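Novice: Quick note, the sequences are listed as chains A and B, same order.
Take 1 as the starting number for the first sequence in the working numbering and just add one per residue.
Take 209 as the starting number for the second sequence in the working numbering and just add one per residue.
The beta carbon of each residue, even a glycine, is placed where N, CA and C say it ideally should be.
All of these numbers come straight from a predicted model, not from anything done at the bench.
One structure, as structure tokens, below. Some questions next.
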Amino acid sequence: MPILCGLFLNKGTERRDCFMADYTASDFRKGLRVELDNIPYVISEFNFVKPGKGAAIYTCRLKSLIDGNTYVRNFRSNDVLKKPDLEERTMRYSHVETDHYIFMDENYEQFTLTVDVLGNNRFFLFEDCEVRVLYHNGRPVDITLPTFVEKEVLDTEPGARGNTATNVLKPAKINGGFEIPVPLFVSQGDIIKIDTRTGEYADRVLKK
Amino acid sequence: MASHSPYHDKGRLQSLQPALIFRGRVLSAIRKWFGDAGFMEVETPVRLPTPALELHIDAEPAGSSFLRTSPELHMKRLLAAGYDKIFQMGPCFRKGERGNLHHPEYTMLEWYRTHADYMNILADTESLVAQVGQNTCPGRIPPPPWPRFTVEELYLKHAGWNPVEAYDAERFEHDLVTKIEPALPRDTPSFVMDYPTPAAALSRRKPGHDKVAERFELYINGVEIANAFSELTDAAEQRARFEQWAQERKAMGAAVYPLDEMFLAALELGMPPSGGIAVGVDRLVMVLMGATSLDAVMAFREGV
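Written out as structure tokens, the structure reads:
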């Protein structure tokens, strides 16, 4: 069974940004969650510029909390952004029923997430895996897994013994149905650690 | 004994030591240049009954007073009283300005010359910055003269329109940040000159050109370092500009400060034609050091 490597500090249901309000540009800062055209974003980069004797320009890189896409947008002092109605719930993965992924919260209440919310994260789930699910206006929009998960390599070309280079990669099929590039020394049956933020190989934790 | 405290970031201060030593050398080199050039160092109040009114500058209240956003108006009162070459280096405060290139409290250097205009100040600026660079980081600042570009030519070349003919503040500022500043040279300081009159601030119109004001900015490595004027000395026009900004500030919901009648009175009694400039000292130290954020050159920053 894969081993859970990263544990979350926040247990149980956490309610953030629980009352609606607006942010003006002077409230903007890195990490602030805002809503624009009904899409929740996090400000991933923030810069204050004020050219010459001119008005301030607040340059923000906005990262969509739904699809992760980012774009840069400038705001002026008087611009207002909505505070998104966001809620984060911690739950555990139970099982899958044909494209419907079933999760359970601490009260054993069941929640169903679909592939379009899970994306590639669905390949990294394992039984009892603790996840954080982000709800926007009551609708699940994103899921955060433990930063690292461990998976068994089901199939890959035989390992090149003695080749310790980590920059030469070959494809490997992992338990859960995903294929990721791994270094040449990884063999079938090895347990590897995967970074769920990038979906990339991070380390080999157990050699077969 | 504890090695770490959330209240006192000893490690950061220790790692800043080379930068702070460098900063101290820049301050000394600045004062040395002014001493050699025959300027008198002055000190004017930091706490003011009313701050200098500008369209996009907010003052920090201090009790029933305000912290100065610049020493400009008091220094001009000295000029009007007959002082002819004065400089001042000290703290100024601007509310809500916080970014890589802004800090609500920062160090400003201003100097003024009477019977002079912005071109005399430009020559001072080249001489000062070149000498300070030579004394603190030889080789980083090429010898003057440095390129001079007019606002008109820069906008025509890089933004495709002419703000001198048809000014649009929003577009002007947006293009300045996104198109003009990135196009300025990186291997040498440069000057951006002759601003459209709606962006004149406290500068006088260029004689014979009613659409351009005698204002320049010094850029180093794409960063705005200084702003200079042939100073506006016409009391009536100065009052009209203050009143216009007050109206515009009111319209955009910004604080409106009372006019500085003592300054206006000084202009009414007569101020000789003068040139003056304000230099962001923290930014100058930053670019001379090759850094890109004020964090690298300020010992204590708000929120750090």
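In terms of residue numbering, what span does the beta strand (DSSP E) encompassing A:His95 cover?
Specialist: 86-97
Novice: On a CA-only basis, which of B:Met479, B:Met497, B:Arg447 is nearest B:Ala289? Give me that one, please.
Specialist: B:Met479
Novice: Give a yes or no on whether the minimum CB-CB distance between B:Gly304 and chain A is below 8 Å.
Specialist: yes
Novice: My output table needs one value for A:Tyr58: the three-state DSSP class, helix, strand or coil.
Specialist: strand
Novice: Using the beta-carbon count (16 or more within 10 Å), is B:Tyr465 buried or exposed?
Specialist: buried
Novice: Please check the pair B:Leu472 and B:Ala443, which I expect to be a contact at CB under 8 Å, by giving their CB distance rounded to whole angstroms.
Specialist: The C-beta distance from B:Leu472 to B:Ala443 rounds to 6 Å, short enough to fall under 8 Å.
Novice: Measuring only the C-alpha atoms, how far is B:His216 from B:Lys419?
Specialist: 52 Å
Novice: Applying the criterion that 16 or more other CB atoms from any shown protein chain within 10 Å of the CB defines a buried residue, is A:Leu206 buried or exposed?
Specialist: exposed
Novice: According to the Cβ coordinates, are A:Gly177 and A:Phe124 closer than 8 Å?
Specialist: no
Novice: Flag this pair as yes or no: are the beta carbons of A:Thr59 and A:Val42 separated by less than 8 Å?
Specialist: no
Novice: When the Cα atoms are used, what is the spatial distance from A:Thr164 to A:Phe185?
Specialist: When rounded, the distance between both Cα atoms is 6 Å.
Novice: Pick helix, strand or coil for B:Val359, following the three-state DSSP scheme.
Specialist: helix
Novice: Is there contact here, the stretch 231-243 of chain B with the stretch 446-454 of chain B, by at least three beta-carbon pairs under 8 Å?
Specialist: no
Novice: If contact means a Cβ-Cβ distance below 9 Å, which residues of the stretch 45-67 of chain A contact chain B?
Specialist: Phe46, Asn47, Phe48, Val49, Lys50, Pro51, Gly52, Lys53, Gly54, Ala55, Ala56, Ile57, Tyr58, Thr59
Novice: Between B:Ala436 and B:Ala267, what straight-line distance do the alpha-carbon atoms span, to the nearest angstrom?
Specialist: So the two alpha carbons sit approximately 21 Å from each other.
Novice: Taking only runs of the alpha helix (DSSP H) that begin and end inside the stretch 108-162 of chain A, which ones reach a length of at least 4 residues, in chain order?
Specialist: Given a length threshold of 4 residues, each whole run of the alpha helix (DSSP H) inside the stretch 108-162 of chain A is given here in chain order: 115-118.
Novice: Would you say B:Ile428 reaches chain A, if we count a Cβ-Cβ gap shorter than 8 Å as a contact?
Specialist: no
Novice: Do the stretch 318-327 of chain B and the stretch 345-363 of chain B make contact, defined as three or more Cβ pairs closer than 8 Å?
Specialist: Counting C-beta pairs closer than 8 Å gives fewer than three between the stretch 318-327 of chain B and the stretch 345-363 of chain B, which falls short of the contact rule.
Novice: Less than 8 Å between the CB atoms is what I'm expecting for A:Leu118 and A:Phe103, so what's the real figure, rounded?
Specialist: At roughly 10 Å, the Cβ-Cβ gap does not stay under 8 Å, so A:Leu118 and A:Phe103 are not in contact.
Novice: Rounded to whole angstroms, what is the Cα-Cα separation between B:Asp392 and B:Ile349?
Specialist: Checking the sequence shown, residue 392 of chain B turns out to be Leu, not Asp. So the two alpha carbons sit approximately 15 Å from each other.
Novice: What's the gap between the Cα of A:Cys5 and the Cα of A:Val149?
Specialist: Annotation note: pLDDT 34 at A:Cys5 (below 50); position unreliable, coordinate value reported separately. Their backbone Cα atoms lie some 6 Å apart in a straight line.
Novice: Below 8 Å on the Cβ atoms is my contact criterion, and I expect A:Lys173 with A:Asp155 to pass it. Report the Cβ-Cβ distance as a whole number of Å.
Specialist: 4 Å
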